[in-house]
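Q: Numbering (this note's numbering), first residue to last: 480 to 668.
Note that the Cβ used here is the ideal one computed from N, Cα and C, for glycine as well.
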Amino acid sequence: MIYLASQSPRRAELLRRESIEFSKFSVDIDESSLANEKPLMYLERVVKAKLKAALSIRSLDILVLVADTIVVIDEEILQKPINFEVFCEYMHKLSGCWHQVITGFAVGDGESVCYEYRITDVLFASLTDEEIKDYWQTNEPCDKAGGYAIQGIGQRFVKEIKGDFDNVVGLPVKEVKKVLAKFTFPHSN
């Protein structure tokens, strides 16, 4: 069994779909970006900080999975929108454009750590102000990186995807399974 250190119901759902046994808990770290920090450097730093925090909470003889997903356009990270104005700004940037969804994940047991990331390219349709406003009012965008959920109502804005759909949802679960297979099982609880 693994421990998923995440508040994301989507990550838990993806693991369940693959019949991966896990227990869930959350860690709280500062996810602020540093000045001039590139998206991939930010992602690696945050994911590794989550793993370190998770392993400090739990005993070191368990296997922990952590992840973080970012939406990037023109080297700018679009975090979870904090209000309607930020959401509108994000949607106007994404409208009619390609962007990247990058999920970084780490698996560790206190002795070994494996960090990886996957990139999926996503093309948005051109959006009207009315579509943007209507989508905000569904409340779906509020806790999503980049302000949309590809597995929800937000899928109607996606014209094309190049890469792993699950990665955009929040966890490249097939890749995670490969990494998990590298660790010795069972880990004690």
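Provide the residue span of the alpha helix (DSSP H) that contains CYS567, from first to last.
A: 563–573
Q: Quick check on DSSP: helix, strand or coil for PHE662?
A: coil
Q: Applying the criterion that 16 or more other CB atoms from any shown protein chain within 10 Å of the CB defines a buried residue, is SER485 buried or exposed?
A: It is buried - the Cβ of SER485 has at least 16 other Cβ atoms within 10 Å.
Q: Exposed or buried, what is ALA514 when buried is set at 16 or more other beta-carbons lying within 10 Å of its beta-carbon?
A: Answer is exposed; the Cβ neighbour count stays below 16.
Q: Measure the alpha-carbon distance for TYR596 versus ASP547 and round it to whole angstroms.
A: The straight-line gap from Cα to Cα measures roughly 9 Å.
Q: Pick helix, strand or coil for GLN579, following the three-state DSSP scheme.
A: strand
Q: Residues in the same chain with beta-carbon distance under 6 Å from LEU483, minus the five sequence neighbours each way, listed in chain order, please.
A: PHE501, LYS503 and LEU544
Q: Can you tell which of MET480, ASP509 and PHE603 has its C-alpha closest to the C-alpha of GLN634?
A: PHE603
Q: Give me, in chain order, the residues of the same chain whose beta-carbon lies closer than 7 Å to that of LEU650; leave out the 5 immediate sequence neighbours on both sides.
A: Excluding positions up to five away in sequence, the list reads ARG490, LEU493, ALA546, THR582 and PHE584.
Q: Compare the beta carbon distance of LEU542 and VAL586 with 8 Å and say whether it is the shorter of the two.
A: A contact, by the Cβ cut-off of 8 Å.
Q: Are there 16 or more other CB atoms within 10 angstroms of the CB of MET520, so buried, or fewer, so exposed?
A: So MET520 counts as exposed.
Q: Can you tell me which of the three DSSP states ASN668 falls into?
A: Caution applies to ASN668, whose pLDDT of 44 falls short of 50 and renders its modelled position unreliable; the model cannot decide the point.
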